[in-house]
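In my numbering, the protein residues as written are 5 to 479. Here the structure is laid out as structure tokens; the discussion comes afterwards.
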Amino acid sequence: MSKQFDVVVIGGGPGGYIAAIRAAQLGFQVACIDEWKNAAGGPAPGGTCTNVGCIPSKALLQSSEHFDHANHHFAEHGISASGVTMDIAKMLARKDMVVKQNNDGILYLFKKNKVTFFHGRGSFVGQAEGGYTVHVAGKTEEDITAKHVIIATGSNARALPGTPFDEVNVLSNDGALRLASVPKKLVLIGSGVIGLEMGSVWRRLGADVTILEGLPTFLGAVDEQIAKEAKKAFDKQGLKIELGVKVGEIVNGKKGVTVNYTNAKGEAVVLAADKLVISIGRVANTIGLNTEAVGLQLDERGAVVVDADCRTKLPGVWAIGDVVRGPMLAHKAEEEGVAVAERIAGQHGHVNFNTIPWVIYTSPEIAWVGRTEQQLKADGVAYKAGTFPFLANGRARALGDTTGMVKMLADAKTDEILGVHIVGPSASELIAEAVVAMEFRASAEDIARICHAHPSLSEATKEAALAVDKRTLNF
Ligand code: FAD
Ligand code: NAI
């Protein structure tokens with residue numbers, strides 16, 4: 005007799021583990037299956053995000069930023085720090101410890117919420133009476149059944165055709181997060197989120213970094229004015245970003261990697277690198293799920309086909325996070341997990357796709373929510389724009405970080421906020437106010453009339469709101 009659950013979640017990343025906890029809170033008997041292994045072969049729930057994504061990348065961004073500050077910014081404060089060195093092994097050990105704290109935290113949360121955790125690979129066996137049978141292949145093998153199955157199997161790094169990842173010279177996000185020493189020359193292909201974050205880490209630590217981007221525009225999804233400002237800052241830092249390139253043959257040799265490409269001017273270039281990171285997007289992961297056993301529909305890119313509510317065509321089978329359409333973000337996966345658990349319970353779970361924030365954790369940080377100026381133009385929406393530079397913000401001056409601005413876009417007639425775009429210090433935190441405002445369908449005037457603490461970076465958001473009405477007070 006196989007173990008019977010109400011809900012089985014396959015995948016314990018931010019989508020899956022949060023779905024499992026929410027379903028358990030709602031009174032269901034829940035199992036979560038995750039196959040990620042730590043270095044010792046033990047369970048490491050948390051998925052890409054915890055193990056080789058959000059968390060370790062932010063740990064390295066923090067360490068490398070401290071190093072950069074010690075080398076380049078302490079002196080402004082009167083602090084002399086000569087001979088600053090970086091112990092890469094120690095930095096990586098700290099990152100691994102932060103990852104482990106998060107893995108252990110999730111295992112604790114499973115216990116606390118009475119979620120049964122299975123360490124192993126989950127795959128469909130077939131339909132069972134009133135539900136589905138899922139096989140778990142871990143240290144032991146067993147079948148479990150449930151009325152509802154939530155697929156949360158995430159995504160994997162996309163490889164360039166003909167250039168497989170060896171994680172020695174040709175690296176995915178995984179290898180890029182555990183380089184044992186600083187490469188002299190690092191090339192990254194793709195100047196998206198990973199290219200910029202990982203490029204920043206290793207540049208700050210001393211690598212000569214070049215990022216090759218296929219598109220002619222830099223950060224095409226970002227508001228143009230914000231992307232331009234960010235590019236200026238990255239250029240100043242020495243992060244070399246080449247746009248409009250066509251990558252050709254890549255030779256992975258004993259001493260490193262050679263990348264042949266055609267630059268935007270049509271010239272053939274040969275670039276030798278110690279290490280190459282490929283960061284050209286990610287692909288949905290359904291490997292080993294045995295979707296054929298139940299006839300689960302996948303799209304042409306391998307993603308599980310779902311409706312707006314994360315329902316697949318199979319009754320009782322749901323899919324969330326990176327394995328389905330939409331932005332590949334941890335908080336998007338989490339929101340879908342909560343919403344699906346609530347729908348299973350007959351509630352009205354909801355995800356507002358218009359207010360999902362994006363953050364790129366470079367320095368300066370880039371964060372946005374809602375539509376960009378170019379999108380509003382394309383949609384034919386009449387809008388007003390207000391910007392406020394951190395250069396005119398007292399707290400930013402005190403911090404010594406006055407790069408960038410807050411930009412607010414509001415409907416020309418109703419004044420409703422349609423988008424907020426930030427490049428600058430703590431943009432990742434500042435964006436939360438904009439998300440709340442947009443969820444409550446606030447107007448720019450609402451933000452302009454709210455008392456913001458002084459001195460704080462958040463005053464720049466208030467001033468950007470005032471700028472929408474052309475009446476900034478400090479600029
Ligand atoms: P995943 O996190 O990929 O989890 C899926 C889990 O399912 C994995 O543990 C996998 O082992 C397991 N699994 C797969 N198949 C099976 C199976 N058959 N049986 C059992 N288990 C299985 N997003 C942000 O929002 N902010 C960030 O700062 C951020 N930084 C990132 C940095 C990097 C370098 C990368 C690569 C990604 C980053 N992301 C970030 C994206 C984020 O990691 C993903 O959007 C998020 O992890 C998706 O969550 P998920 O639960 O859908 O899938
Ligand atoms: P991405 O989609 O952000 O960027 C990929 C870039 O590679 C694009 O600019 C694209 O034009 C370019 N590209 C694609 N093919 C190319 C080719 N053949 N040659 C040259 N350039 C090419 O993908 P990335 O950076 O790999 O990250 C994957 C996803 O992980 C992100 O989309 C995001 O969802 C998530 N992520 C989120 C983070 C965050 O929220 N801070 C951090 C890191 C990743």
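Every residue, glycine too, gets a C-beta built ideally from N, C-alpha and C.
My output table needs one value for residue i: the three-state DSSP class, helix, strand or coil.
| i | result |
| --- | --- |
| K259 | coil |
| Q33 | coil |
| Y265 | strand |
| A402 | helix |
| S86 | coil |
| L175 | strand |
| Q131 | strand |
| V274 | strand |
| P18 | helix |
| K250 | strand |
| S432 | helix |
| I245 | strand |
| A161 | strand |
| E217 | coil |
| V11 | strand |
| I25 | helix |
Need the endpoints of the alpha helix (DSSP H) that residue i sits in, please.
| i | result |
| --- | --- |
| D108 | 92–116 |
| S68 | 58–76 |
| A237 | 228–241 |
| D383 | Element bounds for D383: n/a, residue is neither H nor E. |
| I451 | 448–452 |
Is it right to say residue i is buried, meaning 16 or more other beta carbons lie within 10 angstroms of its own, or is it exposed?
| i | result |
| --- | --- |
| E171 | exposed |
| G134 | exposed |
| S195 | buried |
| F444 | exposed |
| K116 | exposed |
| F78 | exposed |
| Y112 | exposed |
| L219 | exposed |
| G51 | buried |
| R305 | exposed |
| N173 | buried |
| I83 | exposed |
Over what stretch of residues does the beta strand (DSSP E) that includes residue i continue unbroken?
| i | result |
| --- | --- |
| P393 | 387–393 |
| K411 | 409–415 |
| R207 | Looking at the DSSP string, R207 is not in any beta strand (DSSP E); the run it does join, the alpha helix (DSSP H), is 197–208. |
| A468 | Not the beta strand (DSSP E): A468 falls in the alpha helix (DSSP H), residues 463–472. |
With a threshold of 8 Å on Cβ separation, who are the neighbours of residue i within its own chain once the five nearest residues in sequence on each side are excluded?
| i | result |
| --- | --- |
| L102 | Position check: residue 102 holds Val in this sequence, whereas Leu was assumed. The residues are I59, P60, A63. |
| L380 | Y387, L413, L422, G423 |
| V138 | V12, I14, I37, G126, S127, F128, V129, D147, I148, T149, A150, V153 |
| A93 | A184 |
To which residues of the same chain is residue i closer than 7 Å at the C-beta, ignoring the five residues directly before and after it?
| i | result |
| --- | --- |
| L300 | V308, T316, L318, V321 |
| A231 | F222, L223 |
| N478 | A396, E467 |
So, at 6 Å on beta carbons, what are the nonlocal neighbours of residue i in its own chain, with the 5 sequence-adjacent residues on each side left out?
| i | result |
| --- | --- |
| P187 | A211, D278, K279 |
| D405 | P429 |
| V249 | L216, Y265, N267 |
| G341 | G19, I22, A23, I324 |
| Y136 | V153 |
Does the beta carbon of residue i sit closer than 8 Å to a beta carbon anywhere in chain D?
| i | result |
| --- | --- |
| I245 | Of the chains in the structure shown, none is chain D; there is only one protein chain. |
Kindly provide the ranges of any beta strand (DSSP E) runs that are 3 or more residues long and lie completely inside the stretch 312–379, ordered along the chain. 321–323, 362–364, 369–374
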